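Participant: Provided herewith is a single structure, encoded as C-alpha cells, for subsequent inquiry.
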Amino acid sequence: MKNVARGSAFLLLVVLAAGFTYFQPKVEAVTVLASDSQENVQKFNTTDILESNIEKVSFDVEVKSEAAAPKSKGRVFKATAYCLRGRTASGRMVRRGIVAADPRVLRLGTRIHMTAGRYTGSYVVADTGGKIKGNILDIWVPSCAEARRWGRRTVRIRVTKKAKRKFKKRRSKKRR
C-alpha cells in the first residue's frame, strides 16, 4: 500500500512538472510579443497621427427640457398585500400582476403601472375586497410572509389602459 501511495505521489509530481514546463514557453512568447509591440507603438508619435485624422465637424443640437414634455401624473394610493388562493372577483385565478381595488375608483379589467420599489410594474385590476374603499389597492403576493413584510405603503399608479365596458364575472361551468 505504501508503494502505491509513493508511486501516485511521484506520478503527480511528474505530471505537474511537465505541465509547468509545457505552459512556460507560451507565456514567455506572449510576453516577448507584447514588449515588441509596445516598442513599435512608441516609435510613432501618436499626436501626429491623431491630428492628421481629426476632422472638424460642427452640428446643431436642439435639447428639449424634461419639464416641457407632458407627463402623465400618477395617482397616489395606499397599498396592502394579500396572499389568498382561489379566484378573483373577475373569475380569474390569482397570480402575480393582480391587484384588488375599489371598482368605483378603478374598474375591473383596468391596466395600471405601479411604482412601488421592488413591486414596480404592470398590474391588472381583477379583484375587489370588502375592506377596499377609495384609493386603496391590495396587491397579490405568493406568500403570506411577503404580504406581512409589505405592510401598508403609499404607492403611485398610472392608468395605462382603462376598462372599456363593465367587466362581467366569469362563471365556472357546473359539473353534473
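Each residue of the sequence shown is one higher than the one before, starting from -3 at the first, in the working numbering.
We treat Cβ as the ideally placed atom computed from N, Cα and C, and that holds for glycine.
Given the structure is predicted, the values throughout are model-derived calculations rather than measurements.
(1) Tell me, to the nearest whole angstrom, how far the beta carbon of Ala143 is from that of Ala77; I am working on the premise that it is less than 8 Å.
(2) Straight-line CA distance for Tyr115 to Arg100?
(3) Quick one: Cα of Ala149 to Cα of Ala112, how far?
(4) Check for me: the alpha helix (DSSP H) holding Arg145 runs from which residue to which?
(5) How is Lys157 classed by DSSP in three states: helix, strand or coil?
(6) Under a three-way DSSP split, which group does Ala97 fall into?
(7) What is the rounded straight-line gap between the Cα of Val59 and the Cα of Phe73?
(8) Quickly, what does DSSP pair Ile132 with across the bridge? List them, please.
(9) Quick check on the DSSP output: the beta strand (DSSP E) that includes Thr111 runs from which residue to which?
(10) So if DSSP puts Val121 in a beta bridge, which residue, or which two residues, is it bridged to?
(11) Going straight from the alpha carbon of Gly117 to that of Leu104, what length do you get?
(12) Is it the case that the Cβ atoms of Ala159 and Thr106 are separated by a distance below 8 Å?
(13) Less than 8 Å between the C-beta atoms of Asn131 and Arg71, yes or no?
(14) Rounded C-beta distance between Arg186 and Val90? I'm assuming under 8 Å.
(15) Report the three-state DSSP secondary structure of Thr116 (helix, strand or coil).
(16) In terms of alpha-carbon separation, which member of Ala5, His109, Gly3, Leu7 lies closest to Val155?
Facilitator: Based on what the coordinates show:
(1) 4 Å
(2) 24 Å
(3) Reading off the sequence shown, one finds Arg at residue 149, where the question assumed Ala. So the alpha carbons of these two residues sit roughly 8 Å apart.
(4) 140 to 146
(5) strand
(6) strand
(7) Unreliable positioning characterises Val59 in this predicted model, as indicated by a pLDDT of 47, which lies under 50. The coordinate reading is nonetheless provided below. Cα to Cα, the separation comes out at about 34 Å.
(8) Lys74
(9) 107 to 111
(10) Val95
(11) 18 Å
(12) yes
(13) yes
(14) Absent from the structure is residue 186, since the part of the chain shown begins at -3 and ends at 172.
(15) coil
(16) His109
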